[in-house]
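Residue numbering for the sequence shown follows our numbering, starting at 416 and increasing by one per position.
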Amino acid sequence: MAFKYLVIVESPTKAKTIEKYLGRNYKVVASKGHLRDLPKSRMGIDIDNDYQPDYISIRGKGPLIKELKRYAKKAEKVYIASDPDREGEAIAWHLAHLLGLDPTDNIRVTYNEITKDAVKAAIKNPRPVNTDLVDAQQARRVLDRLVGYNLSPMLWKKVKKGLSAGRVQSVALHMIIAREKEIRAFKPEEYWSVDGVFMKGRKTFKADASKYKGQKLDLKNEDDVKEFMQEITTNEFQVQNIKEKERRRFPSKPFTTSSMQQEAAKKINFRSRKTMMIAQQLYEGIKLGKGPAEGLITYMRTDSTRISESAQNQAKSFIKSEYGDQYLGKGSKGKQAAGSQDAHEAIRPSNVERTPSEVEAYLNKDQFKLYSLIWSRFMASQMAPAIYDTVACDLVQNQATFRANGSKIKFPGYQKVYTEANNKDNFLPDLVEGEMVKSKEIEPNQHFTQPPARYTEASLIKTLEEKGVGRPSTYSPTIETLIKRYYVKLEAKRFEPTELGEIVNDLISDFFPEIVDTQFTADLEAELDAIETDKKEWVEVIDSFYKPFSKELDNAEEKMEKIVIKDEPAGFKCPDCGHDMVIKLGRYGKFYACSNFPDCRHTEAIVKEIGVECPTCHKGQVVERKSKKNRIFYGCSRYPDCDFVDWNKPVGRQCPKCDHYLVEKKKRGSKQVICSNCDYKEDETKASQQ
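Okay, here's the thing in structure tokens:
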């Protein structure tokens, strides 16, 4: 088919959609990502010639490059419509060089959403390739190559093959291990609380002991509790110091990449990698009925919370017609985060009229969950604040004071469509100052201070962003690399460093302290960002980093000692050859192997018994195993003779309701015992006492 104009996008999905939007005069093809890159087999950076990169065509992309050149020769005009970010700009620049196009011509097309209007408007307004964006991406790529391709081979020589070290990766690992050291060094301290349940008529409410003899309560031990409890001689308490206020809770801003990853982890239990994969699908387009595929959300790699005026107007119109004028807000506004590029909008639905319920039939379960989250968060950001009536009062007897806090919603505002994760409110009955209420239950509870929690994916991403380390697009691949290299493992959805991770971190910390320093890395990110705005030259930024770094490399080469990871005796013989079995540290953790390797290649997975008899065969023991994706599950030690398996941990008791086995289910940091078959569940207190 004859065509006048060639449009090159990144993905085949986008190519099909956009070709339908533009019509028969346009041929739309996909580059399928990068076509040129640095070579994998060598450094590919000419350090003595201003760090010039040696780009080569990516292996296997030759036929595609030939095809693109053929199409480009036929076309009157070529437009490059790669993604609207630094990497997309770099892809456009490489394509221009491969196809013999002039990057200063108006060949670059960008759009923030894949809709018919947005794509057509972009084609009408092409621009030259932004060389500042290209330089910023090139500097980042060169810098990461200089770090990775120098540190990784050193780790291969000094520790073992297959290891890697990277700029953002090393900082993230260092943060996880620093938190682990805090946990190990933590010494718990005893403290007590006194919790009360009170009644007014038939209504019950909670209050906590807050003051003793007019002073803030500080119960360090059981003696302090006994002294406090002596003040309570009856179940009558007087209501004092009622304070009522009206409180407004404002909506959160629409999603950036990192806030979307964090909220998806909390609300719909998505790993960051999964969130980005599903968001990519929603951005590239979903076929809604008979028409062409439509992009349901705007571009998902952004650190901006800005919303276009047209999107705000569309949202206001929808809110007004759907909920009423009183639900209209001013729109969530505020300062951008430090280092934010504000290159394009926040993540939002491309058309608010497409409510989650309207598109549900065309989405799979995961797409629907994420789209609902994005749609409701955006709509909430444009709505009025929620209004609460809050009440606080003291309940007093002798020298003992309890404090009750409560709130009730007066106007739901944005919460009509969206509530943040872990958003809970308490309700109090109507109380009158001076009246008496009765205590139903007053219970002292012993506690011990807890160490800081290990990082979850969400909290690690949040901390990296707050410290200015990395950028939205780097968080997910950084986390995946740490897990893939077995530097960390996920236990109960929290990062725990491995022995290998600690070895690597110690070596890098000792010989390359700036590589793991969060402030140094954040400052370097800021310099890379300055290249984008033409405030810094990329060669100058690389040179100021590499000269001191190369001296550290020379020092490490000379003084870093080789680390030998010794095999541990396993305590039993190889069933194949009779030699001793040992515990080895491999790419995916520890495993049993024969000491007679390579003559004998017998290996076994290390399994952990949990002290529970198999509920299916009653002969084997339930053991802890790991799936290919490193997720823990439980199975019978007699597998394959017994096929019992469960994602939840059996507790060794039967359900009193249906006699099936009970399991321990972990949810958002807490544990609950439930039945594997029916709806029976135990409260956490009862479960912990068993």
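The beta-carbon is built from N, C-alpha and C at its ideal position, and this holds for glycine as well. Computed from a predicted model, the values in this text were never measured in an experiment.
Using DSSP with H/G/I as helix, E/B as strand and the rest coil, what is residue i?
i	result
histidine 862	strand
leucine 711	coil
phenylalanine 613	strand
alanine 971	helix
serine 472	strand
valine 1022	coil
proline 568	helix
glutamine 553	helix
leucine 785	helix
isoleucine 433	helix
arginine 485	helix
phenylalanine 793	helix
leucine 450	coil
tryptophan 508	helix
glutamine 645	coil
lysine 689	helix
lysine 899	helix
Which residue comes first and which comes last in the alpha helix (DSSP H) that contains residue i?
i	result
glycine 916	914 to 926
asparagine 728	724 to 737
alanine 941	933 to 947
lysine 442	That residue, lysine 442, is in no alpha helix (DSSP H); its beta strand (DSSP E) goes 441 to 445.
leucine 632	No alpha helix (DSSP H) contains leucine 632, which DSSP labels as neither H nor E.
leucine 578	Where leucine 578 is concerned, there is no enclosing alpha helix (DSSP H), given that its DSSP letter is neither H nor E.
isoleucine 876	872 to 881
tyrosine 833	Note, tyrosine 833: premise wrong, no alpha helix (DSSP H); not H, not E.
valine 979	It is not in any alpha helix (DSSP H) - valine 979 carries neither H nor E in the DSSP assignment.
valine 534	531 to 539
lysine 1096	Taken as a continuous stretch (DSSP letters only), lysine 1096 belongs to no alpha helix (DSSP H), as it is neither H nor E.
Give me, in chain order, the residues of the same chain whose beta-carbon lies closer than 8 Å to that of residue i; leave out the 5 immediate sequence neighbours on both sides.
i	result
asparagine 521	Pro541, Arg542, Pro543
glutamine 553	Pro468, Ala505, Trp953
tyrosine 777	Ile701, Lys702, Leu703, Gly704
arginine 451	Tyr470, Ile471, Ser472, Ile473, His509, His512, Leu513
glycine 563	Ser579, Ala580, Gly581, Arg582
Out of the options, which has the shortest C-alpha to C-alpha gap to residue i?
i	options	result
tyrosine 890	Arg582, Arg818, Ala445	Arg582
tyrosine 901	Gly916, Lys573, Lys735, Phe418	Gly916
arginine 474	Asp461, Pro454, Tyr466, Ile460	Pro454
lysine 631	Cys992, Pro666, Arg818	Arg818
glutamine 782	Tyr742, Leu810, Val852, Phe685	Phe685
lysine 1072	Cys1057, Cys1093, Lys1064	Cys1093
alanine 945	Leu437, Asp550, Glu895, Glu646	Asp550
asparagine 539	Tyr526, Thr546, Asn545, Leu548	First, the amino acid is wrong: residue 539 is lysine here, not asparagine. Taking only the C-alpha atoms, the option nearest lysine 539 is Tyr526.
phenylalanine 910	Gly828, Pro867, Leu922, Asp949	Pro867
glutamate 604	His1017, Gln865, Tyr738	Gln865
lysine 950	Ala537, Leu479, Thr546	Thr546
lysine 535	Val847, Val493, Gly438, Val979	Gly438
lysine 419	Tyr627, His449, Ala487, Ser446	Ala487
proline 990	Leu697, Cys1015, Asp982	Cys1015
valine 979	Gln645, Val919, Gly616, Pro963	Val919
valine 557	Tyr466, Asp639, Gly577, Met644	Tyr466
If you measure from the beta carbon of residue i to each beta carbon in chain D, is any gap under 8 Å?
i	result
glutamate 434	Absence of chain D from the displayed structure is noted, only one protein chain being present.
Can you give me the start and stop residues for the beta strand (DSSP E) that residue i sits inside?
i	result
arginine 818	815 to 826
phenylalanine 620	618 to 627
glutamine 655	651 to 664
glutamate 906	903 to 906
threonine 805	801 to 812
tyrosine 494	492 to 495
To which residues of the same chain is residue i closer than 6 Å at the C-beta, ignoring the five residues directly before and after it?
i	result
isoleucine 495	Ile423, Ala507, Leu510, Ile522, Arg523
lysine 748	Model confidence at lysine 748 stands at a pLDDT of 46, short of 50, so the residue's coordinates are unreliable; what they give is reported in the following sentence. Nothing meets the Cβ criterion.
alanine 587	Thr893
lysine 853	Met614, Asn650
threonine 948	none
serine 497	Glu425, Gly503, Ile506, Ala507
alanine 694	Met715
Give me, in chain order, the residues of the same chain whose beta-carbon lies closer than 7 Å to that of residue i; leave out the 5 immediate sequence neighbours on both sides.
i	result
arginine 688	Ser891, Glu895
phenylalanine 733	Val767, Glu768
Legend entry - Three-pair Cβ contact test at 8 Å for the segment 824 to 833 versus the segment 863 to 882: no
Legend entry - At least 3 beta-carbon pairs within less than 8 Å: the segment 665 to 684 vs the segment 705 to 718: yes
Inset, instruction - Inspect the CB distances between the segment 594 to 614 and the segment 850 to 868 and report whether three or more fall short of 8 Å. - result: yes
Inset, instruction - Taking 8 Å as the threshold, find out whether the segment 566 to 584 comes into contact with the segment 965 to 985 through three or more Cβ pairs. - result: yes
Legend entry - Sufficient close CB pairs (3 or more, under 8 Å) joining the segment 612 to 623 to the segment 589 to 603: no
Inset, instruction - Evaluate the contact criterion for the segment 790 to 802 versus the segment 651 to 667: three or more CB pairs, one atom per stretch, below 8 Å. - result: yes
Inset, instruction - Report yes or no: do three or more beta-carbon pairs, one from the segment 938 to 958 and one from the segment 876 to 892, lie closer than 8 Å? - result: yes
Inset, instruction - Inspect the CB distances between the segment 951 to 969 and the segment 995 to 1005 and report whether three or more fall short of 8 Å. - result: no
Inset, instruction - Determine, using beta-carbon pairs with one atom in the segment 1052 to 1064 and one in the segment 1005 to 1019, whether at least three such pairs fall under 8 Å. - result: no
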